[in-house]
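The numbering used here applies: residue -15 is where the sequence shown begins, and numbers increase by one.
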Amino acid sequence: MGCLHGACKVAILIGRWGGWPSYTTLLLRTIASNSLFDFFFISDRPPADSLPPNAKFSYLTLTGLLQRLNRSVGLRLHDAAALRVEDRFRPIIGGISSKDYSAAKTNDLKPLWGEAFADLLDGYRWWGYAQEDILLGNLSACISPFVLENFDVISPERFPYNASGTFMLLRNTPHITRLWRGSMDVGAILSDPTYAVFDEWWGPARDHFPKLIGKEVAAGRLRLWFLADWHGRDAHIEHAMTVCWWKGHLYANARFVATATSIPCFGFNAIQKDEMCLWHLIRYKQLPQISALQLDKAADRALRNTNEFALARDGVWIPGSALGLAAGGSNLSVLYNDDSPTPFDAAALRRHFQHADQCDDRAANPRVAQAMGLPLSGSWCWQQRSQHRGLCKHNQTVRHMCVRTCMLCQMPTVALSSHRRFFTRRQRRMIRGVEVQ
């Protein structure tokens, strides 16, 4: 198959069966800005009505995948229904059932895709695979022509982990593409429907793909390049991590707490920020604000064309100018999550990023809690203080209510008066008591 943009270099396969997550539009926007890389979406459903020029949808059911692997590499699994999804892969937040997620066993088979999809990869010098729960920055910045010429495998993980199911690139040569065949676990991988974590290092597989790569590196037969310095993830939702995509580049605040100099988006002119080539959504995607993200047609259209968006644990921000808002729209940003869109002016957005971790503490004040309609009995915050260094334990429901009430908890108390119009008279009377304390 010919390359999608005329320069045969790198092809990346993204496979998923049973539907695509609501945040896929974000991935597609970041893919569109990486025109030197081709992406093939392999699934029984297209990820969107239209794809970027460097992306193509290849229809294949899960049964069809097993049949293709049976013909190409000798897979001995024939019943897609037998592929078991372990409990740890069942999302328990956001109301998404396991049937909406790809069977975990398919992750074991990713290192085999170079042979299984040889027809799609014909002519490419490199091939790879990626998950759908990622955002991409400027891939050419970390995967330079020098790297492509002088290395054989590109991984986001350092030694001794060596490989990741999140993102991998491999030189399209018989030796590298057939590397998986050297494993002592091949028989089980091809016949057992249980996910053995062959593509990574932490599961029951004894002779997994990372170990095979390590052996070849030690023997001098393989050159491995790490993307570790360019790879980020939201491993801890209690941290105020903000990820911003701007004109093809991906940034994350350099510290776990956003400060005036570390907010990397929406014109805040961040001094402390980290540029990433790859961001993996680990925890955020489980939050209802992301897993049940509601994008109307205007937001979906804006995301396909905008030069900027931001993602945090409260949802996705889109600049007002990208949404075609009226005069002054460039000073607005709109938050999208599992609820109705919420507009923020620049000052409120800055306060949000700078004071996000204060939300739970603010809501712990009895007057604020009552104004927000929170139950006063139980004292959920104060019960947690001794275990969390005097701070309230993170409570996503409270945080969500803070956002919906126009930053009640994330802004200093003195600023509450400027947002009284969003509350009833009774609520304003309660909040007035907070302001004077």
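Just so you know, even glycine gets a beta-carbon here, dropped at the ideal spot from N, CA and C.
C-alpha distance - residue i paired with residue j, whole-angstrom precision
{"i": "Asp298", "j": "Arg205", "result": "46 Å"}
{"i": "Gly304", "j": "Leu262", "result": "26 Å"}
{"i": "Leu104", "j": "Ala32", "result": "20 Å"}
{"i": "Trp454", "j": "Phe101", "result": "Because residue 454 is not part of the residues shown, which for the chain are -15 to 421, the question remains open."}
{"i": "Cys249", "j": "Asp106", "result": "39 Å"}
{"i": "Trp1", "j": "Tyr7", "result": "16 Å"}
{"i": "Glu99", "j": "Tyr235", "result": "35 Å"}
{"i": "Pro129", "j": "Gly198", "result": "24 Å"}
{"i": "Ser56", "j": "Leu208", "result": "26 Å"}
{"i": "Ala(-5)", "j": "Pro158", "result": "16 Å"}
{"i": "Phe25", "j": "Asp176", "result": "26 Å"}
{"i": "Leu271", "j": "Phe193", "result": "31 Å"}
{"i": "Leu309", "j": "Asn122", "result": "28 Å"}
{"i": "Leu61", "j": "Thr290", "result": "44 Å"}
{"i": "Val318", "j": "Gln278", "result": "12 Å"}
First through last residue of the alpha helix (DSSP H) which encompasses residue i
{"i": "Arg55", "result": "46 to 57"}
{"i": "Trp97", "result": "97 to 100"}
{"i": "Ala172", "result": "170 to 175"}
{"i": "Phe130", "result": "129 to 134"}
{"i": "Ile(-4)", "result": "Element bounds for Ile(-4): not the alpha helix (DSSP H) but the beta strand (DSSP E), -6 to 0."}
{"i": "His159", "result": "158 to 161"}
{"i": "Pro272", "result": "272 to 275"}
{"i": "Asp284", "result": "281 to 289"}
Continuous beta strand (DSSP E) stretch holding residue i: start and end
{"i": "Gly112", "result": "110 to 114"}
{"i": "Pro194", "result": "Careful: Pro194 lies outside any beta strand (DSSP E), inside the alpha helix (DSSP H) at 193 to 202."}
{"i": "Ile138", "result": "137 to 139"}
{"i": "His215", "result": "215 to 217"}
{"i": "Ala39", "result": "39 to 43"}
{"i": "Cys261", "result": "Element bounds for Cys261: n/a, residue is neither H nor E."}
{"i": "Cys228", "result": "227 to 230"}
{"i": "Asn237", "result": "233 to 237"}
{"i": "Ser27", "result": "21 to 27"}
Distance CB(residue i)-CB(residue j) smaller than 9 Å
{"i": "Arg190", "j": "Met168", "result": "yes"}
{"i": "Arg165", "j": "Phe135", "result": "no"}
{"i": "Leu(-3)", "j": "Ala114", "result": "yes"}
{"i": "Ser27", "j": "Gly(-1)", "result": "yes"}
{"i": "Asp117", "j": "Phe182", "result": "no"}
{"i": "Leu316", "j": "Ala330", "result": "yes"}
{"i": "Asp218", "j": "His264", "result": "yes"}
{"i": "Ser124", "j": "Asn18", "result": "yes"}
{"i": "Pro144", "j": "Trp110", "result": "no"}
{"i": "Leu119", "j": "Leu10", "result": "yes"}
{"i": "Pro36", "j": "Leu20", "result": "no"}
{"i": "Leu163", "j": "Glu133", "result": "no"}
{"i": "Leu50", "j": "Leu59", "result": "yes"}
{"i": "Lys231", "j": "Glu141", "result": "no"}
{"i": "Leu287", "j": "Ile302", "result": "yes"}
From the options, residue whose alpha carbon lies closest to that of residue i
{"i": "Ile160", "options": "Pro144, Leu35, Val137", "result": "Val137"}
{"i": "Ala276", "options": "Val300, Asp258, Ala294", "result": "Val300"}
{"i": "His215", "options": "Pro188, Ile127, Leu49, Leu287", "result": "Ile127"}
{"i": "Ala39", "options": "Ile15, Glu259, His233", "result": "Ile15"}
{"i": "Glu259", "options": "Leu208, Gln278, Trp97, Cys228", "result": "Cys228"}
{"i": "Lys(-7)", "options": "Ala306, Val131, Lys231, Ala64", "result": "Val131"}
{"i": "Tyr108", "options": "Ile266, Leu96, Tyr268, Phe23", "result": "Phe23"}
{"i": "Tyr43", "options": "Leu287, Asn54, Arg29, Arg52", "result": "Arg29"}
Residue i Cβ short of 8 Å to the ligand MG heavy atom set
{"i": "Gly232", "result": "No copy of the ligand MG appears in this structure; indeed no ligand is present at all."}
Pairs of beta-carbons, one from the segment 144 to 152 and one from the segment 170 to 179, closer than 8 Å: are there three or more? As far as the Cβ criterion goes, the segment 144 to 152 does not touch the segment 170 to 179, which means the pair count is below three.
Quick test of the definition: if touching needs 3 or more C-beta pairs under 8 Å, does the segment 319 to 332 touch the segment 265 to 283? Because the criterion of three Cβ pairs below 8 Å is met, the segment 319 to 332 and the segment 265 to 283 touch.
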